[in-house]
Structure formats: C-alpha cells, structure tokens
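Visitor: One structure follows; several queries about it will come next.
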Amino acid sequence: MSESSAAEGRDGRGQTLVTPGQSLGPAEGRTAGNGLVVTERGMIVTSAGVLVQNGTTMAVEPHYTRYTPRPADLIIGVIESVRNNLWFVDIRGPFNALLPMSLGPAKADFGGTRQIIDVGETILCRIQEVEETHACVVTMKGLGLRKIQSGIIESIPPHLVKKVLTASRVKSLKSSTDCRIIVAENGRVWVEGPTHGQCMARKFFDAVRHGADDNELDILVAGFLDGGAE
Amino acid sequence: MGGYGDVQMIDADGKRADGRGAGDMRPMTIEVGVIPVADGSARVTWGTNEVVAAVYGPMEAHPRKIQKQDRAVLDVRYNMAPFSTTDRMRPGFNRRSREVGKVTRDAFESVVLTELYPRSKIRVEIEVLTAEAGTRCAGINAASVALADAGIPMTDMVISVASGKINGTVVCDLNKEEDNYGEADLPMGILPNSGELVFLQMDGDLSPAEFKEAWDYNMDAASGIHEIMVAALNAAHGGES
Chain A
12 MSESSAAEGR DGRGQTLVTP GQSLGPAEGR TAGNGLVVTE RGMIVTSAGV
62 LVQNGTTMAV EPHYTRYTPR PADLIIGVIE SVRNNLWFVD IRGPFNALLP
112 MSLGPAKADF GGTRQIIDVG ETILCRIQEV EETHACVVTM KGLGLRKIQS
162 GIIESIPPHL VKKVLTASRV KSLKSSTDCR IIVAENGRVW VEGPTHGQCM
212 ARKFFDAVRH GADDNELDIL VAGFLDGGAE
Chain B
534 MGGYGDVQMI DADGKRADGR GAGDMRPMTI EVGVIPVADG SARVTWGTNE
584 VVAAVYGPME AHPRKIQKQD RAVLDVRYNM APFSTTDRMR PGFNRRSREV
634 GKVTRDAFES VVLTELYPRS KIRVEIEVLT AEAGTRCAGI NAASVALADA
684 GIPMTDMVIS VASGKINGTV VCDLNKEEDN YGEADLPMGI LPNSGELVFL
734 QMDGDLSPAE FKEAWDYNMD AASGIHEIMV AALNAAHGGE S
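Those protein sequence lines, which keep their order, are chains A and B. Going by the numbering used here, the first residue of the first sequence is number 12, and it counts up by one from there. Going by the numbering used here, the first residue of the second sequence is number 534, and it counts up by one from there.
Next up, the structure:
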C-alpha cells in the first residue's frame, strides 16, 4: 500500500480502514455492531480496524484485540496457581479463569489438587461460565478435554484465529505436516506429531505471527506438501 | 545584564529562531508497533523530542484494592529517561512525572470505554527518550496511538499540542528556548473528531485575545497531527507502506 492510500484509509485489498473517533454518519436504518457506538454525532468507530458491512449491520473487524472469553469456547490454559480446591488458569484474557475441583479432570481430595494438575502444566478446557465482571470458570468435563502432556504449544494473536486459521487451512496443514492440530479460541495451538511435522507447523505459525497474508500462507502449506520443510 | 525578556526568539517578519513561522509545528513522525511484546505501542518524534509509549492490557488489576467493580482503571506512567536531557535526570518518578501521568490519565479517561472491562487495568507506559519541550504533549500523542494499536475501545483519539507566547507574539508548538524564555505556554488535549477539549493547562499570562489565538493554533495543529496519526495506524495495519 502506498503512503497516500494509507492516509486515505484503504488497505491493499480496497477495504476501508477506520480509526477511533471516526464518524460513519447518521445511524438511522443501520445497526452498530462490534467496534461501533451510536452517539449524538452518529455512528462512531471505537476500534482501529477494517469496516465490514453485513446487510444493515456495520461492524469493525479490529486489527488487534485481546482474547475475550465466551461460554463454550475451547481454550488452552496454563495453570498459574493452585489452591486446596481449585486451580487458577491463565487463558490469555483480562483475568485468570477458575477451574474448580468439581470440574477438574479427575476426582481429587481437598488439598490434593496439585497431584492432579500442577503449576505450569497446560490443559485443554472449555469456558463454562463468564460473569458480567469478566470472571470466568472453565471445565475439563467434556469430550477430548485433558491435560496436555505431549507435542508443542504455539501462540498466535487471538484476533487472527478466525481470520487466518480457517477450517480448510487447518485441514490442509494437518495433512501436510502429518500432525494433530487443535486450535483454541484464545490463540494457543496444540501441535502433536512427528518432529519434522512440528517444525513445519512452527514455521507456519511463525509466518502467521509475522503478518503473512492468505496467499503466502497457502504457498507455505503447499510447500510443506512438496516436502519443502527445510 | 539582560533578563529573560531580552532573548530575541522571533524577528519582525514573524520568523522564529528555528526558521518556523508563528503557526508552524515542528516536524512529526509516528511509528506504530515498535515494542513487539506490548499489546500496542508507538514512537513519536516531534522536533528533537522522542517518546515511546506502550500499552498492556486489559489485565487483572493488582493490588485488588485499586479494582473498580464497574470499569477498568487506567494506570498511566510517564517517565523521562536519565539521558533524555543535557542535565542527567535522576532515575525514577518525581513530582512532575506524577503530575503529567495524572493529567494524561484524566485526559484518556474521558475517551476510553473503561466500562467494558470491569475490575481490570489498562497499563500505559510513556518513556521520554529525548526531551526538547512539549514532552507531555508528545507523550499523550504516543499513548493515543498506542491505545488504538492495542485495540482499546475509545470514542475518539486524544491529540495534544501546546502554543505559547514569545516576545509578545503567540506561536504554535514551542521549542526548548521558546519554552524556557517565553512568556506563556498553553498545552491542550483535543478530541479531533468532535473538537472537544479534555485537558488544558496554562503557564504564564495570556490576554483573552492571545488565548483565543493560541487556542486556534492548537486546534489547527491538532487536525494536522490527527492526519499523521491516522496515516501511521493505517500504514501499520493496512499492509506494506
């Protein structure tokens, strides 16, 4: 993108870039979605990002956001501290989540939580409940939810999960790396498989972190299929 | 022996010692995303000033006593590096840095949608690397871009700029000599889209007419700074620049 087009607020694909405070005109007949508020000045942008329109609903797809927990999200958490009857889990959100003993992976006696999962261990869990104050509870009761004891954990910015890691791309990445890949909503990815496959996956996620576009990622995955891991 | 008033900083044609006209601003550049580990960051160079701002959060507010049940708290820290001035600054916070941090926080509290993140904290760190008058304004501008880069919801960006009076003439964006030997300084925090004011300080004396002139210079400069900010944000996120 040229300097002039940057100043005009368009990216290389012709999408409209917006910044906080920008007015999108009167709100009549339109609904404000994410990243927009309606004030006496009309519809106002609150986050820097790309303007998207779906019917009459306007929204901003932000350039960057922190992970905001939502009920039923599949996430990968790291145990940050342990109490006698619960665990505190780092979920990359504004707050640590609680994993009560009753929702843990196995039956534990009071005071025996550390024997089940210790500080620093990684778990695959699901958001059970989110309060208005953003405090949230996670559960490990459910199909496939467990302590992660093998493979590698990669992290990407949470806002790129839905944008970049589409189902089809993850599927082709799985087949090209011969790895089992679980993408969590909070931007952590569990990769398990042969070492060379893990290396290829690591290279892929490194490219995602460095802002590679869809085309570059597809070329990278195609290269893995052709045996170009090195 | 002459006093401060004898220092001639503007000539009869209205040209200042550094070659600028009365209403001209020092050149400004803004770079976004300069600190990879931060959620949002920006570097602002404004004349010889160089300021870096980083934003972390929203995150859990510690200690718990600072948590607000209905909104996030903004934790703004402004600091000048020991090497930022010719006389070495004593490391750590002092009364001035606390005051600048407080006015910066107050300015941003009027635009950041803190109610979206109850009980949490948004940390804003402003570090002045090179100081040449107007560092609080440069710090606010850097923090404004860093907050937008971090995806913190805001109803507007805050632009800060100062005008003042030298040798009886109102001028925009004072440099070091003008700040030291001038007669007045009027830094303002402006919301560029609505034209509202979120902070104003004044040092020295200005008549109502001079105040109006300084106000107009600040408003004009703010719209120019806003364009630079928007271009920097778009260039950082919209692809190659």
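Glycine included, C-beta positions come from ideal geometry on N, C-alpha and C. Treat the numbers as computed from the prediction; the structure is a model and nothing was measured.
1. Taking DSSP as the reference, what is the three-state secondary structure of residue 72/A?
2. So, are the CB atoms of residue 680/B and residue 588/B less than 7 angstroms apart?
3. Measure the C-alpha to C-alpha separation of residue 142/A and residue 158/A and round it to an integer number of angstroms.
4. For residue 713/B, which option in 666/B, 582/B and 768/B has the closest C-alpha, if you only look at C-alpha atoms?
5. Any beta carbon from chain A within less than 7 angstroms of residue 770/B's own beta carbon?
6. If we ignore side chains and look at the alpha-carbon of each, how far apart do residue 43/A and residue 29/A end up?
7. Grouping DSSP H, G and I as helix and E and B as strand, with all else coil, what is residue 96/A?
8. Which two residues bound the contiguous beta strand (DSSP E) that contains residue 607/B?
9. Find out if the Cβ-Cβ distance for the pair residue 720/B, residue 756/B is shorter than 7 angstroms.
10. Using beta-carbon positions only, say whether residue 664/B and residue 613/B come within less than 7 angstroms of one another.
11. Could you compute how far the alpha carbon of residue 183/A sits from the alpha carbon of residue 205/A?
12. Report the partner residues of residue 64/A according to the DSSP bridge assignment.
13. Under 6 angstroms: does the beta carbon of residue 53/A sit that close to some heavy atom of the ligand GTP?
14. Any beta carbon from chain A within less than 7 angstroms of residue 589/B's own beta carbon?
15. If we call anything under 7 angstroms between Cβ atoms a contact, is residue 722/B one with residue 693/B?
16. How would you label residue 188/A, buried or exposed, when you count the other beta carbons within 10 angstroms and need 16 or more for buried?
17. Given a threshold of 16 other Cβ atoms within 10 Å of its Cβ, counted over all protein chains shown, does residue 574/B qualify as buried or as exposed?
18. If you drop the 5 nearest sequence neighbours on each side, which residues of the same chain put their C-beta closer than 8 angstroms to that of residue 178/A?
19. Below 8 angstroms on the Cβ atoms is my contact criterion, and I expect residue 124/A with residue 94/A to pass it. Report the Cβ-Cβ distance as a whole number of Å.
20. Please go through the same chain and pick out, in chain order, the residues whose beta-carbon is closer than 6 angstroms to the beta-carbon of residue 7/A, but skip the five residues on each side of it.
21. Return the bridge partner residues of residue 56/A from the DSSP annotation.
22. Terminal residues of the continuous beta strand (DSSP E) containing residue 718/B?
23. What number of angstroms, rounded off, separates the C-alpha of residue 240/A from the C-alpha of residue 234/A?
24. If the cut-off is 8 angstroms on Cβ atoms, which residues from the region 39-59 of chain A count as contacting chain B, listed in chain order?
25. What are the boundary residues of the alpha helix (DSSP H) that residue 206/A is part of?
26. Classify residue 483/B: buried if its beta carbon has 16 or more other beta carbons within 10 angstroms, exposed otherwise.
27. Tell me, which residues are paired with residue 148/A by DSSP?
28. Going by beta-carbon coordinates alone, are residue 102/A and residue 88/A separated by less than 7 angstroms?
29. Should residue 78/A be flagged as near chain B, meaning a C-beta pair shorter than 7 angstroms?
30. Bridge partners of residue 705/B, per DSSP?
31. Got a sec, what are the start and stop residues for the beta strand (DSSP E) residue 592/B sits in?
32. Less than 7 angstroms separating the beta-carbons of residue 194/A and residue 176/A?
33. Helix, strand or coil: which one does DSSP assign to residue 562/B?
Guide: Result, derived from the coordinates:
1. strand
2. In contact: residue 680/B and residue 588/B (Cβ atoms closer than 7 angstroms).
3. 25 angstroms
4. The residue with the shortest Cα to Cα distance from residue 713/B is 666/B.
5. Yes, because at least one Cβ of chain A sits closer than 7 angstroms to the Cβ of residue 770/B.
6. 14 angstroms
7. coil
8. 606-613
9. Their beta carbons are not under 7 angstroms apart, which means residue 720/B does not touch residue 756/B by this criterion.
10. yes
11. 16 angstroms
12. 69/A
13. Summarising the ligand content, the structure contains no ligands, and the ligand GTP is consequently not present.
14. no
15. yes
16. buried
17. Under this definition residue 574/B is a buried residue.
18. none
19. The beta carbons of residue 124/A and residue 94/A sit about 7 angstroms from each other, so the pair counts as a contact at 8 angstroms.
20. Coverage of chain A is limited to positions 12 through 241, which leaves residue 7/A absent and any answer about it impossible.
21. 47/A
22. 717-723
23. For residue 240/A, the predicted model reports a pLDDT of 45, less than 50, meaning its position is unreliable and no value from the coordinates is stated.
24. 46, 48, 50, 52, 55, 57, 58 and 59
25. 206-220
26. This structure cannot settle anything about residue 483/B, because the visible part of chain B is limited to 534 through 774.
27. 109/A and 140/A
28. yes
29. It does not; no Cβ of chain B falls within 7 angstroms.
30. 696/B
31. 582-593 is the span of the beta strand (DSSP E), which, as asked, contains residue 592/B.
32. yes
33. strand
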